[in-house]
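Chains as they are written, first to last, in the working numbering: chain A, 1 to 386; chain B, 387 to 682. Note that CB positions come from ideal geometry on N, CA and C, so glycine has one too. Report on the structure given below.
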Amino acid sequence: MLSSSARRGAAVLLSAAVLTTLSACGAAPDQKSGGADGAKSVQPGAATSVADFGSLEALAAAAQKEGELNVIALPPDWANYGEIIKAFEAKYKIKVNGENPDASSSDEIAAVKSRKGQKRAPDVLDLGIAFARSGAAENLFAPYKVTGWDKIPAAQKDADGRWTNDYGGYVSIGCDAARIPTCPQTFADLLKPEYKGKVALNGNPTKSGSAFGGVYAAALANKGSFADIQPGIDFFGQLKKSGNFIPVESTPATVEKGETPISIDWDYLNAGYADQFKGKGVDWKVAVPTDGVYAQYYSQAVNKEAPNPAAARLWLEFLYSAEGQNLWLKGYARPVLLPGMTQDGTADQAAVAKLPQVQGTPAFPASEELDKAKATLAEKWDKALS
Amino acid sequence: MSSTTDPRVAGGTRRRRRGPRTWLATLPLLTFTGLCFGIPLGAMAYGAVTRTEPANGATRLTGEHLARSLQGPYLDSLIGSVQLSALTALVGGVLGVVIAQAVVTSRSAGLRSAALTASGVLANFGGVPLAFAFIATVGISGVVTQLADLTAFGWNLYSFTGLAVVYLYFLIPLMVLVIAPALDGLRPQWREAAQSSGATGRQFWRHVGLPVLAPSLLGGFVLLFGTAFAAHATAAALVGGSVPLVTLKIADALSGNVLTGQENVALALGLDMILIAGLVMAVYLPLQRRSARWLR
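Printed below as a string of structure tokens:
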């Protein structure tokens, strides 16, 4: 109802904001060149690495001048984001404005597009990989390479630095050992008659990234490949037919209630449930199925027209520092720099020990393979399940 | 009406004077409708028939989104939504009328106000809380399911039938609310007159009651259909993608973490929904106009 009049107001605001940013842009270089730090001076919005600022301290100073950082879609109980934001605020004295914590990746992209040039536009984005790729193709992100850039595997970053994978996890099977005598360890196990009416996904795979990961992993477990997700769809069709699969979306509420005693979800969410429900009659066990190993990472990107460009870059530097990476680790997520950190001893060993066990290194689908899998899923999922 | 009996004399001037003033009075309403329905509808229609290339930002006209929205899983979801809405509106409408009639004819004022208040509350109880209430009571490990061993009777909440039952939970009270005033309008004198002319109860309903109630019944059906057709959160929490519904498809395409670049198909689906709602209204409006005069 309000949207139309709000949109008009937004248009007025937008033009005002454009004017102010334009004049601000004109003024910024003068201040910079007049500065006495003597380091390479570049507009924060054009900086592609910390070297463009001279040092991390110079970057922090520029960010503090801005004083704020707009983030979107960061739920405090997801991968420890609550603590990460608090630590960043305390360390750099920068106010983090969180917006719509439960937003989806497409909401984030929509916010970037619709608030171009406004002060309220998000500075940094935490995106599903498909949206990181499509957003880069639409030229929405500013290229930026964090200090640890070289240690990130090539498959986990955009060559130009427009997006970089940050943290992720494996598809896992969470299971309430208080209700299920023997917990399933593999996808093949899930077909056993003893799990009738017990297996759920975290959402609808045509919408939820983790549920999509579940179907992808099931495909790998059933002679499928990154390019061929059909066996995964068939697997869930079979689960549905045998009555094992329940289409209810598993949430903390359904897990606690016992309605979804077996839930396929990211291992960091399942591991988090184990903590959350300890002592509430739920004995939540997490297994990464050995027959369908699938990992997926989320990506960070900087809004090309970020209202706080220096703070946005400082946020990335913080996330990819040992401190930031360890905070994700504390939330059971696997930070992208973990292999290197395990080698040089900066990884939080206690947190590493608590992660569910996985063998081998993860592989990632190519862009075209992912697109193909999604198209197949959108076309076939409903039919297979109804 | 009086102007038809004395044409020309006073009618002309009066009408002319009234004309602009009536216009002025409706202006706020027209502005409101234009802004709040017109602009979104226009934006939706525009998005449904155009496509912007991500690479260069060029926009061109295309029928591809509308065509896609009427194929494959999208078409299935439209059909699924219409089936579910029609069935629940029909069942909810019939049960609602029966309950409302019982409440209206009972002499207890307490029962009447209690039933109407409860209906007012229940008709607005929806979304995820309702879904979870059902999960907790008649889900697979729900309290009632366990106690009464419902699974043995083939009960499954996460199916088309289960969803229909959940929808009825708020549709029946809604029908009670909208039909009770119409039942009140059914004057006792008419029944007495029918009886003293020797009509049976069945004849009364067949020739007097139902024809008089028809527009309200139809209106109630349309309202229920629309409510069920547009419902989203309850279904999303209960059945995910396993019962194809158009609102779920729109949500998948518009605000998901998986499918990219499907926004225009979602807008096309929205347009399809408006067309279907329009068709239902097109059947309802003329019928209502024909028989509404009985209930003045």
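- Contacts with chain A at 9 Å (Cβ-Cβ) include B/Val625.
- Residue pairing by DSSP puts A/Tyr170 in a beta bridge opposite A/Ala295.
- Taking B/Gly626 as reference, the option from B/Ala534, B/Thr436 and B/Leu543 with the minimal CA-CA separation is B/Leu543.
- Along the stretch 505-530 of chain B, going in chain order, the ones with a CB nearer than 8 Å to a CB of chain A are Phe518, Ile521, Ala522, Gly525, Ile526, Ser527 and Gly528.
- The way I'd put it, the stretch 128-143 of chain A does touch the stretch 292-304 of chain A; three or more beta-carbon pairs between them come closer than 8 Å.
- Within 10 angstroms of the beta-carbon of B/Leu410 lie fewer than 16 other beta-carbons, which makes it exposed.
- Nearest Cα to A/Lys241 within the set A/Ile180, A/Val199, A/Asp275 and A/Ala219: A/Val199.
- Secondary structure note for B/Gly466: its alpha helix (DSSP H) is the uninterrupted segment Gly458 to Thr491.
- Assignment of alpha helix (DSSP H) within the stretch 583-617 of chain B, counting only whole runs of 4 or more residues, yields 587-590 and 596-616 in chain order.
- Interface with chain B (9 Å Cβ-Cβ cutoff): A/Thr206 is included.
- Interface with chain B (9 Å Cβ-Cβ cutoff): A/Trp328 is excluded.
- In this structure, the beta-carbon distance from A/Val112 to A/Glu305 falls below 9 Å.
- Within the stretch 243-324 of chain A, the complete beta strand (DSSP E) segments at least 3 residues long are 262-266, 284-287 and 295-303, listed from N- to C-terminus.
- If you draw a 10 Å sphere on the C-beta of B/Met667, you find fewer than 16 other C-beta atoms in it, and that means exposed.
- Under a criterion of Cβ atoms nearer than 8 Å, no residue of chain A is adjacent to B/Ser455; the nearest Cβ is some 13 Å distant.
- Checking the DSSP bridge columns, you'll see A/Ile72 partnered with A/Glu99.
- Within the same chain, Cβ atoms closer than 7 Å to the Cβ of A/Asp283 are found at Asp176, Ala177 and Ala178, the five residues on either side in sequence being excluded.
- A/Ser386 sits in coil when the DSSP states are folded into three classes, being neither helix nor strand.
- Contact annotation: A/Asn303 and A/Ala311 have beta-carbon atoms that are not nearer than 9 Å.
- Spanning the alpha carbons of B/Leu560 and B/Leu536 requires a straight line of approximately 27 Å.
- When Cβ-Cβ separations below 9 Å define contact, A/Gly258 makes contact with chain B.
- In the structure shown, the three-state DSSP call for B/Asp570 is helix.
- In terms of beta-carbon proximity, A/Trp381 lines the interface with chain B, with at least one pair separated by less than 9 Å.
- Contact residues of the stretch 214-234 of chain A toward chain B are absent (C-beta to C-beta distance below 7 Å).
- The residues Pro184, Ile262, Ile264, Ala287 and Pro289, in chain order, have a CB closer than 7 Å to that of A/Ile173 in the same chain once the five nearest residues on each side in sequence are set aside.
- Secondary-structure assignment with DSSP links A/Phe141 through a beta bridge to A/Asn303.
- Here DSSP, grouped into helix, strand and coil, assigns A/Leu355 to coil.
- Looking at the DSSP output, A/Cys175 sits in a beta bridge with A/Ile262 and A/Lys285.
- Among the residues of the stretch 541-553 of chain B, those with a Cβ less than 9 Å away from any Cβ of chain A are Asn542, Leu543, Tyr544, Ser545 and Phe546, in the order of the chain.
- Counted as a single uninterrupted DSSP element, the alpha helix (DSSP H) harbouring B/Val435 occupies residues Ile425 to Val435.
- For A/Trp315, the closest alpha carbon among the candidates A/Val124, A/Trp149, A/Pro44 and A/Leu337 is that of A/Val124.
- For A/Thr164, the nearest beta carbon of chain B is not closer than 9 Å to its own beta carbon.
- For the stretch 461-483 of chain B, the residues whose beta carbon sits under 9 Å from a beta carbon of chain A are, in order, Asp462, Ser463 and Gly466.
- When only Cα atoms are considered, A/Ala159 and A/Asp382 end up about 36 Å apart.
- Close to chain B, meaning a Cβ-Cβ distance shorter than 7 Å, are the following residues of the stretch 123-144 of chain A: Gly128, Ala130, Phe131, Ser134, Ala137 and Glu138.
- Sequence-distant Cβ neighbours of A/Val171 in its own chain, meaning closer than 6 Å and more than five residues away, are Gly213, Gly214, Ala217 and Tyr294.
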